[in-house]
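Undergrad: Numbering (the numbering used here), first residue to last: 88 to 416. Beta carbons are placed, not taken as given, at the ideal position from N, Cα and C, and that holds for glycine. Model, not experiment: these values are computed from the prediction.
#1: Just the Cα atoms here: how many angstroms apart are residue 107 and residue 340?
#2: Comparing alpha-carbon positions, which option in 232, 110, 102 and 160 lies nearest residue 414?
#3: Using the Cα positions of residue 115 and residue 411, report the straight-line distance between them to the nearest angstrom.
#4: According to the neighbour-count rule (16 or more other Cβ atoms, all chains shown, within 10 Å of its Cβ), is residue 347 buried or exposed?
#5: Does DSSP classify residue 333 as helix, strand or coil?
#6: Is residue 391 near residue 119, with beta carbons less than 9 Å apart?
#7: For residue 401, report the span of its beta strand (DSSP E) as first-last.
#8: Around the C-beta of residue 170, are 16 or more other C-beta atoms found within 10 angstroms, so that it is buried, or is it exposed?
#9: With distance defined between alpha-carbon atoms, name the residue in 403, 360 and 298 nearest to residue 139.
#10: With a floor of 4 residues, list each alpha helix (DSSP H) that falls wholly inside the segment 177-226, ordered by position along the chain.
#11: Give the secondary structure of residue 365 by DSSP, where H, G and I count as helix, E and B as strand, and everything else as coil.
#12: Quick check: the Cα distance between residue 407 and residue 187, rounded to an integer number of angstroms?
#13: Which two residues bound the contiguous alpha helix (DSSP H) that contains residue 149?
#14: Rounded to a whole number of angstroms, what is the C-alpha to C-alpha distance between residue 289 and residue 387?
#15: According to DSSP, residue 279 sits in a beta bridge with which residue or residues?
#16: Can you tell me whether residue 142 is helix, strand or coil according to DSSP?
#17: Does DSSP put residue 353 in a helix, in a strand, or in coil?
#18: Considering only C-alpha positions, which residue in the set 214, 295, 315 and 147 is nearest to residue 175?
#19: Quick one: Cα of residue 212 to Cα of residue 364, how far?
#20: Taking 7 Å as the limit between beta carbons, can you name the residues of its chain near residue 150, skipping five residues before and five after?
#21: On a Cα-Cα basis, can you pick out the residue from 250, 381, 312 and 181 that is closest to residue 276?
#22: Under 9 Å, do residue 284 and residue 329 count as touching if we go by C-beta distance?
#23: Need the endpoints of the beta strand (DSSP E) that residue 132 sits in, please.
#24: Between the beta-carbon of residue 162 and the beta-carbon of residue 204, is there less than 9 Å?
#25: Does DSSP put residue 340 in a helix, a strand or coil?
#26: For residue 336 and residue 312, what's the separation of their Cα atoms in angstroms?
#27: Quick one: any contact between the segment 259-275 and the segment 237-250, if contact means 3 or more CB pairs under 8 Å?
#28: Assuming residue 294 and residue 370 make a contact with CB atoms under 8 Å, what is their CB distance in whole Å?
#29: May I ask you to report which of helix, strand or coil DSSP gives residue 326?
#30: Does DSSP put residue 395 in a helix, in a strand, or in coil?
#31: Assign residue 219 to buried or exposed, taking buried as 16 or more other Cβ atoms, counted over all protein chains shown, within 10 Å of its Cβ.
#32: Using only the alpha-carbon positions, how far apart do residue 400 and residue 393 sit?
What follows is the structure in structure tokens.
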């Protein structure tokens with residue numbers, strides 16, 4: 088490399104066209120997945136206080152949001168149900184109901200907006216009365232193998248309703264292989280699995296638990312199945328196992344605090360890696376904007392670009408619609 092003044096690194100930055108031409112990373116609406124929360128009823132919108140600007144929508148509202156997403160070039164939406172309290176049980180059996188809130192939303196979306204992808208969460212926390220992602224033993228420990236059996240049934244239930252991507256977020260060992268085998272055996276050969284492969288026991292999930300109605304229900308914590316934030320090598324082992332079991336893509340969750348994990352996973356495995364910019368991350372950005380400490384448009388695009396620069400194929404973000412509108416300008 089030559090030295091100054093022969094080399095002036097500011098030279099290519101001097102004009103907008105040149106900055107565009109030299110950009111190493113690109114962000115488009117096709118990189119976005121929009122998480123949406125489903126509520127019972129019709130014509131319902133329930134704003135979520137801890138997620139300013141985000142609401143729970145009844146199925147008809149979810150369909151309307153999906154049409155907005157499609158029209159802005161967002162390729163996929165992710166669904167999370169707020170199950171009614173009287174349908175929550177210790178065993179989460181509502182997850183297996185073919186007419187549950189999730190399945191009704193999937194069918195409505197595939198009927199009305201067939202050209203948008205539907206990603207569905209596979210875990211029991213939206214359905215259990217105790218707020219955990221699986222079945223508990225007498226001591227409150229989440230049972231791995233018994234939970235995995237229920238998750239298989241949940242995945243098949245969602246696939247039968249029309250889900251395009253099954254996304255197990257539970258962190259049970261071995262569940263990806265069991266779900267893949269079951270999908271193949273049931274004829275769902277083109278249903279993808281995006282595994283929450285490196286999901287950390289994070290403090291950034293609080294507003295999400297408000298959104299799905301599990302915050303007040305959770306007994307204890309999830310540290311026996313979600314990952315220790317101190318660990319990186321373990322994340323690589325988790326990803327390797329899920330890929331060997333049949334995952335088509337993997338996810339790192341949360342997002343910004345774990346950009347190093349995203350980069351290491353991408354470098355090691357060279358597979359599609361997604362990040363979930365989780366509810367606490369979104370809420371912090373919105374709080375900064377509300378306090379006058381940040382400008383929304385700039386920080387939304389900058390954080391999403393950080394995910395792409397780290398190696399992400401795409402990002403689940405509550406800012407998806409806003410970002411897509413900015414990118415369309």
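TA: Taking the geometry as given:
#1: 30 Å
#2: 160
#3: 7 Å
#4: exposed
#5: coil
#6: yes
#7: 401-404
#8: buried
#9: 298
#10: 188-199
#11: coil
#12: 26 Å
#13: 146-158
#14: 21 Å
#15: 252
#16: strand
#17: helix
#18: 214
#19: 19 Å
#20: 195, 196, 199 and 200
#21: 250
#22: yes
#23: 132-134
#24: yes
#25: strand
#26: 20 Å
#27: yes
#28: 5 Å
#29: helix
#30: helix
#31: buried
#32: 12 Å
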